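One structure below.
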Amino acid sequence: MWSVIDSGRRRCKGGGMVSPAAELLAVVALLAILGFAITRPRGLPEAVVAVPAAVVVVLAGAIRTERLVAELSSLLPVVAFLAAVLVISELCGAAGLFRYAGSAMARASRGSPRRMLLLVFGVSAATTAVLSLDATVVLLTPVVFATASRVGVRPRPHVYATTHLANAGSLLLPVSNLTNLLAVAMLGIGFLQFAGYMVLPWLVVLAVEYAAFRWYFAGDLRLGAPPVAGEPAPDSPPWFVVAVVAAALVGFVAASAVGLDPAWVAAGGAVILAARALWRREARPGELLRAANLPFLGFVLSLGVVVAAVVDNGLAVAMAAIVPAGTGWLDLLAWAGLAAVLANLVNNLPAALVLLPLAVTAGTPAALAVLIGVNVGPNLTYVGSLATLLWRRIVRAHDHDAPLGEFTALGVLATPVAIIAATTALWAVTSLMGA
1 MWSVIDSGRR RCKGGGMVSP AAELLAVVAL LAILGFAITR PRGLPEAVVA VPAAVVVVLA
61 GAIRTERLVA ELSSLLPVVA FLAAVLVISE LCGAAGLFRY AGSAMARASR GSPRRMLLLV
121 FGVSAATTAV LSLDATVVLL TPVVFATASR VGVRPRPHVY ATTHLANAGS LLLPVSNLTN
181 LLAVAMLGIG FLQFAGYMVL PWLVVLAVEY AAFRWYFAGD LRLGAPPVAG EPAPDSPPWF
241 VVAVVAAALV GFVAASAVGL DPAWVAAGGA VILAARALWR REARPGELLR AANLPFLGFV
301 LSLGVVVAAV VDNGLAVAMA AIVPAGTGWL DLLAWAGLAA VLANLVNNLP AALVLLPLAV
361 TAGTPAALAV LIGVNVGPNL TYVGSLATLL WRRIVRAHDH DAPLGEFTAL GVLATPVAII
421 AATTALWAVT SLMGA
């Protein structure tokens with residue numbers, strides 16, 4: 001489990017204060033990583049800058065050796081879990097699970113844009129909850145494009161739904177978002193306990209987002225588009241894949257009950273699906289390695305190291321002076337609001353790495369409120385999460401665009417209300433459960 005930040009002690013190195021030069025270096029490294037991650041020139045992976053930046057920070061002594069070891073030890077199980085889930089998601093896509101979902105949505109919608117939107121909301125929320133927001137953005141968004149064309153509805157509201165539900169729909173389970181995994185590791189709470197706290201806020205967010213979409217895209221939802229024939233989709237879901245995913249979810253619950261790291265369960269599911277795919281020659285070893293996205297895993301580890309250096313070199317003291325001390329309703333709103341603002345300034349993963357250790361000291365409700373801010377808040381701007389930036393690239397690859405003004409207008413309409421409503425629900429739940 002992550003240790004809680006002792007800001008005063010960790011600012012010291014060998015009994016003295018860390019130099020201003022080390023502080024400046026850590027901040028510059030973080031800004032360089034975020035700038036590259038947002039722009040990604042020539043499509044290069046984020047690790048191209050993140051890994052060297054972390055190495056420079058370590059060699060310059062901006063982070064103490066024992067702090068570095070503790071940070072990597074804390075992040076490695078989370079990163080291993082993430083790698084396994086990425087492989088599972090990719091193999092689900094290769095087996096036709098998302099194409100089947102698109103076919104089922106097309107049949108159930110019966111040509112109605114409003115019914116199609118409701119179905120996309122449901123499938124996107126379920127995909128995000130079970131397979132993470134990356135699966136929704138990368139694997140489901142292209143399917144939604146194809147399904148909208150096949151049904152004969154305008155794709156705009158349905159495609160926007162995948163990115164909003166990738167972020168806002170990632171509150172339910174620890175596996176839904178990397179930020180959730182970080183919080184669970186710090187808090188030491190179980191799979192079911194986390195879901196118990198977050199199920200009502202999750203449902204509230206979905207309701208607010210759906211109402212906002214129905215109002216904002218009312219014109220698109222009244223009109224159709226010429227249907228376009230697409231590739232045939234499977235008539236039934238890939239039952240073996242579905243069974244493995246369901247077994248993994250049960251395994252996560254069982255693992256948390258006995259104190260076993262859920263990364264082992266995720267790894268088991270990934271190995272079973274990978275072995276089957278290799279045996280049936282549906283995948284090659286190189287494809288499975290690419291599915292694990294090693295550059296992104298390196299980015300996460302490197303970002304954690306650099307953020308730890310920034311925190312240790314003064315940010316923890318500055319943040320501790322402004323964060324709330326309690327877990328009342330107004331305190332939780334402040335935690336969520338601060339997290340949302342920080343996520344849209346520096347991206348949600350660094351925001352979580354900065355705020356979660358501080359929130360843990362205030363209590364479980366504060367840490368969960370931070371998750372509401374860093375998960376739902378990124379729908380305000382493109383830079384709020386890496387998933388949103390990736391979604392924009394996918395949209396452009398399908399000859400569509402998501403103008404900044406439109407994206408922001410929809411975010412301003414839905415996101416503040418969703419954060420306030422979800423935080424209020426969290427306050428009610430944690431008050432009743434005595435957290």
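In this text, residue positions in the sequence shown follow our numbering: the first is 1, and each later residue adds one. Ideal placement from N, C-alpha and C gives every residue a C-beta, glycine not left out. These figures come from a predicted structure and were not determined experimentally.
Could you pull the start and end residues of the alpha helix (DSSP H) that residue i belongs to?
i	result
G268	P262 to W279
G298	L294 to V310
R114	P113 to L131
A286	Inspection of the sequence shows that residue 286 is occupied by Gly rather than by Ala. First-last of the alpha helix (DSSP H) with G286: P285 to A291.
N313	Neither: N313 is in no alpha helix (DSSP H) and is coded neither H nor E.
R64	Per DSSP, R64 belongs to no alpha helix (DSSP H) and is neither H nor E.
T39	P20 to T39
P52	A47 to L59
N180	L178 to L187
S256	W239 to V258
Hey, how far is the Cα of residue i from the Cα of residue j?
i	j	result
A316	L358	8 Å
W215	R281	47 Å
R222	S103	22 Å
L342	W279	46 Å
T388	V123	18 Å
L24	L182	26 Å
V417	L330	15 Å
R110	A94	26 Å
T65	A336	32 Å
R290	G188	31 Å
T415	A47	30 Å
R114	P157	10 Å
A168	S132	12 Å
E90	A409	32 Å
A129	A60	40 Å
G96	F296	25 Å
A166	G384	12 Å
V144	A50	32 Å
D220	R154	6 Å
P41	G35	10 Å
V376	L345	14 Å
V258	L206	32 Å
L303	G251	30 Å
V55	A274	33 Å
Would you mind working out which of the options sits nearest residue i, comparing C-alpha positions?
i	options	result
G363	R107, V300, V184 and H158	V184
A148	A108, D134, E287 and L171	A108
A255	V265, A421 and A246	V265
A422	G190, T163, S385 and S170	S170
P52	R393, A22, V305 and N348	V305
A283	A161, A60, S431 and C92	C92
S176	P155, V144 and T136	T136
G269	V241, E287 and N293	V241
P439	P365, L76 and L34	Any answer about residue 439 is impossible in this case: the structure gives the chain only from 1 up to 435.
W391	L44, V79 and D134	D134
N347	I38, A21, G405 and R150	I38
T327	V79, A367 and A275	A367
Which of helix, strand or coil does DSSP assign to residue i?
i	result
V153	strand
E209	helix
Y423	It should be pointed out that residue 423 corresponds to Thr in this sequence rather than to Tyr. Three-state DSSP puts T423 in a helix.
G219	helix
T327	coil
N375	helix
P234	coil
H158	helix
A397	helix
R99	helix
A351	helix
S431	helix
T364	helix
A402	coil
T141	helix
Once the 5 residues before and after residue i are set aside, which same chain residues still bring their CB inside 8 Å of it?
i	result
V395	T141, V159, D401 and A402
I322	L338
A428	L200
Looking only at its chain, what residues have a beta carbon closer than 6 Å to the beta carbon of residue i, apart from the 5 residues adjacent to it on each side?
i	result
A334	P324
M433	none
H164	E209 and N379
G314	E23
A293	Sequence inspection shows Asn at residue 293; the Ala mentioned does not correspond to that position. Cβ neighbours of N293 beyond the five flanking positions: L86.
L355	A339 and V370
F299	E46, A47 and A50
By Cβ distance below 7 Å, which residues in the same chain neighbour residue i in space, the five residues on each side in sequence not counted?
i	result
F81	L181, P262, A263 and A266
G15	Any answer about G15 is weak, because its pLDDT of 37 lies below 50 and its placement is not dependable; what the coordinates show is given next. Excluding residues within five positions, none has a Cβ falling inside 7 Å.
A195	L172 and L173
So does residue i have its beta carbon nearer than 7 Å to some heavy atom of the ligand SAH?
i	result
S73	By its list of ligands, the structure shown contains no ligand whatsoever, and the ligand SAH lies outside what it can speak to.
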